[in-house]
Each structure stands twice: as structure tokens, then as C-alpha cells.
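All residue numbers for the sequence shown refer to the UniProt record's numbering, where the first residue is 1 and numbers rise by one. Cβ atoms here follow ideal geometry from the backbone N, Cα and C, with glycine treated the same way. Owing to the predicted nature of the structure, the values given are computational and were not obtained by experimental measurement.
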Amino acid sequence: KMTSLKEDVRRSAMLCILTVPATMTSHDLMKFVAPFNEVIEQMKIIRDSTPNQYMVLIKFSAQDDADSFYMACNGRQFNSIEDDVCQLVYVERAEVLKSEDGASLPVMDLTELPKCTVCLERMDESVNGILTTLCNHSFHSQCLQRWDDTTCPVCRYCQTPEPVEENKCFECGVQENLWICLICGHIGCGRYVSRHAYKHFEETQHTYAMQLTNHRVWDYAGDNYVHRLVASKTDGKIVQYECEGDTCQEEKIDALQLEY
1 KMTSLKEDVR RSAMLCILTV PATMTSHDLM KFVAPFNEVI EQMKIIRDST PNQYMVLIKF
61 SAQDDADSFY MACNGRQFNS IEDDVCQLVY VERAEVLKSE DGASLPVMDL TELPKCTVCL
121 ERMDESVNGI LTTLCNHSFH SQCLQRWDDT TCPVCRYCQT PEPVEENKCF ECGVQENLWI
181 CLICGHIGCG RYVSRHAYKH FEETQHTYAM QLTNHRVWDY AGDNYVHRLV ASKTDGKIVQ
241 YECEGDTCQE EKIDALQLEY
């Protein structure tokens, strides 16, 4: 349900951008909100356990400024390339719980304003817009916009969550017990699910598949695990390498020496 912008409806001066894609860096975020920099008091990046996305709390100088941002940006694409759109909601208040499920209460009677690590000037949110990253370090939004790196200038923590690769079976879509064909890259589920990896072998005769969790390679023709694969010089096909005698033993000793 869309938030009503009628004058008699009570709203706050704080908005939250939901489901910001992890591919969107803080620099991209600064560019997106750039037309409203003068009326933004503070921004804070937050997230939950949902992968590949985060949220942004934005506190505006006045209610009218929040309404203007809502009208201009709600439902708008972040950029012209990707399909992700800006989803805005009004926020009454924000409560943060630590990982040990204990509420973090505000520290009272603080009088000294913190300094921006980039320009070393005091951060007064009534004068300058402030951005607080996931690692809880705060900066002037303009200073962080000039920071070339995507990590925090203080602790080098990545400000936005890294995208997580979501592999799934090409046929049934399950995301566990997956095998990837080393010939064509087809991903299928194992024998304890729907056996789509083995059905791919029956259809294509692609012999080797690697389990995505532990990177062990299975040979469907020999019906066993493979310890070493090499590419044939004659036709480029992948074949199993069998080492015999002293050569294999020497290679094992060399491997142990490198490891220890």
C-alpha cells in the first residue's frame, strides 16, 4: 500500500530505501541522492540476514524534504542499466539489536562532536549530511563521495555486502548437492535429490562432473572419484591422469614438503 502524502496524514522526516542491490556501491548511492544533498542530514547503511542486498536510512531536514524525495525517487530505477528500483518507506524510529540479541542503548551526555576521518572537520548533521557505514564509522557524505576506494577509510571494511553466487540446478532449481559438468558448465543436482547431473551425463556423455561444495571430481564412466585430470594434446579432451611407480610417490612427497 502506497504511503499517503495528504497533509492530515502523520509522517516522519526519515525514509528507508529497501532492497538496495549489493552491486550498488556507496559512490553509486551518493550519485543517486545527489539532487537532495542539501536537505539530507544523515544517512546510515543497515542490513539484515538477506543476501545480496542492504538498506539505507535517510534523515531529512524537514518533513517536506522527505516528501519531495519520496515523490521523486519512489519506484524509480537506480540506474538505466539494471532493473532494480528504489523502494521507499517512512520510518517512525529504528531499533538496532546486536548479534547477541541485546539492545544497544544510546550513550548519554556526549558533548563533543565526532570528526570526519577524511577531512578531520567536526561532523554537525545540522550543517553537513552524514553517512554512517555498516562498520559504524561516520563521514561527511561529500567526503566519502570523493573517496576512490569502496572500503571504509578507517577499517577497510567493505561498505556494501558482497554479492553471493546463487548456484542452482538448471532443471529443478534446488541449491544443495550440486554438480557442475567440467565439459559444458551444466549444473545439476546429485543422486540424493533428482539425479539431474547424472541424467545430463546420459544425454551428453560428458564424463566428468565436479561437486560444488568440496570440488571433488566424479568420473561417470569409471563410477569413481578422479584424483587428477589433464587435457589431451591431440584433441583437447579432458582425461584422467594415472601416475605409476616412483613418479607418483615422488610427487606425493613433494606435495607433503610444500604443505609442511
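Closest residue to residue i among the options (Cα-Cα distance)
| i | options | result |
| --- | --- | --- |
| Arg76 | Ile17, Ala22 and His215 | Ile17 |
| Thr207 | Asn214, Asp219 and His215 | Asp219 |
| Trp179 | Lys44, Glu166 and His196 | His196 |
| Arg93 | Arg11, Leu144 and Phe36 | Arg11 |
| Glu38 | Asn214, Val217, Phe170 and Gln142 | Gln142 |
| Val56 | Val33, Met71, Val217 and Asn177 | Val33 |
| Ser68 | Asn214, Met43, Leu88 and Asn136 | Leu88 |
| Asn177 | Phe170, Arg191 and Cys184 | Arg191 |
Nonlocal neighbours in the same chain, by C-beta distance under 6 angstroms from residue i, ignoring five residues either side
| i | result |
| --- | --- |
| Gln63 | Ala13 |
| Cys73 | Cys86 |
| Phe201 | Tyr220 |
Close beta carbons around residue i, own chain, < 8 angstroms, minus the five adjacent residues each side
| i | result |
| --- | --- |
| Val174 | Lys168, Cys189, Val193 and Ser194 |
| Leu15 | Leu57, Ile58, Phe60, Ala66, Phe69, Tyr70, Leu88, Val89, Tyr90 and Val91 |
| Gln205 | none |
| Cys225 | A quick correction: the sequence has Tyr, not Cys, at residue 225. Cβ neighbours of Tyr225 beyond the five flanking positions: Arg216, Val217, Trp218 and Asp219. |
| Phe78 | Val20, Pro21, Met24, Asp28, Phe32, Asp84, Val85 and Cys86 |
Residues that DSSP places opposite residue i in a beta bridge
| i | result |
| --- | --- |
| His140 | Ile130 |
| Lys44 | Leu57 and Thr132 |
| Asp219 | Tyr208 and Asn224 |
Check whether residue i and residue j have beta carbons under 7 angstroms apart
| i | j | result |
| --- | --- | --- |
| His140 | Cys116 | yes |
| Tyr70 | Val20 | no |
| Ile46 | Gly129 | no |
Assigned exposure category for residue i - 16 Cβ within 10 Å defines buried
| i | result |
| --- | --- |
| Cys172 | exposed |
| residue 269 | Any property of residue 269 remains undetermined from this structure, which presents the chain solely from 1 to 260. |
| Val107 | Bear in mind that a pLDDT of 49 at Val107, under 50, signals an unreliable position, so the model cannot answer this. |
| Lys44 | buried |
Contact with chain C by residue i, beta-carbon distance below 7 angstroms
| i | result |
| --- | --- |
| Leu29 | Absent from the structure is chain C; it holds one protein chain and no more. |
Cβ shell of residue i (< 7 angstroms), same chain only, five flanking positions each side left out
| i | result |
| --- | --- |
| Cys181 | His200, His206 and Ala209 |
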